[in-house]
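For the sequence shown, the working numbering assigns the number 11 to the initial residue and increments by one for each residue that follows. Following: one structure in structure tokens, then a few remarks.
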Amino acid sequence: MASSGIQALKGTWDYVDGEHFDDYMKELGVGLSTRMAAKGVKPRLTISENGVHHWIDIAMANSGIEALKGSWDHVDDENFDEFMKELGVGWAMRIAAKAVKPRLIISQNDSKWSIKSESTFKTVFYDFTPGVEFNETTPDGREVTTTITFEGNKWISTTIDKNGKKSVVTRYVDGSGQQMIEMECGPVKARRWYKRVQ
């Protein structure tokens with residue numbers, strides 16, 4: 011016999027899609043950065059019963075932008091030297107960058123996100139609110155303005171240096187579970203791969 015009424019809601023449910031949710035959050039007074047972060051998560055609801063009480067647990071499934079959180083070790087890259095050259099990175103700095111295998115650590119604290127790149131060469135850290143422009147110093151010392159947005163499962167970082175040169179770096183977890191980083195500056199495209207630290 012099929013469940014009816016409240017009994018039919020018991021179980022675990024994964025988010026699929028929504029309509030006008032951003033408008034709803036805006037009407038509630040939720041700020042832009044929190045709304046941007048909410049677009050990238052896929053909540054999982056678990057509804058259970060304990061005697062006369064019903065419980066709803068909400069967890070964030072490890073999909074979408076959430077899948078990028080954690081520690082990642084560099085595995086390989088493609089055309090990275092040409093990408094750095096297009097950015098204007100000098101020869102010595104490019105040689106040093108190619109020789110290291112950085113570890114990325116991505117975390118979230120409420121609406122703020124942070125990324126740290128650790129290596130024997132240099133450690134770089136910055137935090138940001140999605141959709142909010144900020145200034146940063148790149149590992150090679152360039153002063154740039156960056157905006158990071160989340161679109162579905164993709165983290166898109168758009169950077170403009172003081173000379174107006176624009177680069178776009180897109181991160182996501184690919185089908186094999188590795189973090190794929192696609193980089194573009196002018197006509198040059200490059201890719202890097204990272205594996206999750208167990």
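Ideal placement from N, C-alpha and C gives every residue a C-beta, glycine not left out. For clarity, every value in this text was computed on a predicted model and none was experimentally measured.
For residue i: DSSP bridge partner residues
i	result
Trp-165	Phe-160 and Arg-181
Lys-126	Ile-115 and Phe-135
Ile-170	Thr-155 and Lys-176
His-84	Tyr-204
Val-198	Cys-195
Asn-145	Thr-155
Gln-189	Val-183 and Tyr-204
Beta-carbon proximity of residue i to residue j, cut-off 8 Å
i	j	result
Lys-175	Leu-97	yes
Pro-149	Glu-128	no
Arg-201	Met-190	yes
Thr-139	Lys-122	yes
Cβ-based burial, residue i [other Cβ within 10 Å; buried from 16]
i	result
Ile-105	exposed
Leu-38	exposed
Gln-17	exposed
Thr-169	buried
Leu-114	buried
Gly-21	exposed
Gly-185	exposed
Ser-196	It should be noted that the sequence gives Gly, not Ser, for residue 196. Counting Cβ neighbours within 10 Å, Gly-196 comes out exposed, since fewer than 16 surround it.
Glu-6	The structure shown does not extend to residue 6, since the chain spans only 11 to 208, so no value can be given for it.
Leu-78	buried
Phe-144	exposed
Tyr-34	exposed
Gly-74	buried
Trp-23	exposed
Whole-number beta carbon distance between residue j and residue i, since they are thought to touch under 8 Å
i	j	result
Asp-120	Trp-203	About 30 Å; that fails the 8 Å criterion.
Ile-166	Thr-159	5 Å
Ser-124	Phe-135	7 Å
Gly-80	Ile-57	Incorrect: roughly 28 Å between the Cβ atoms, too far for contact.
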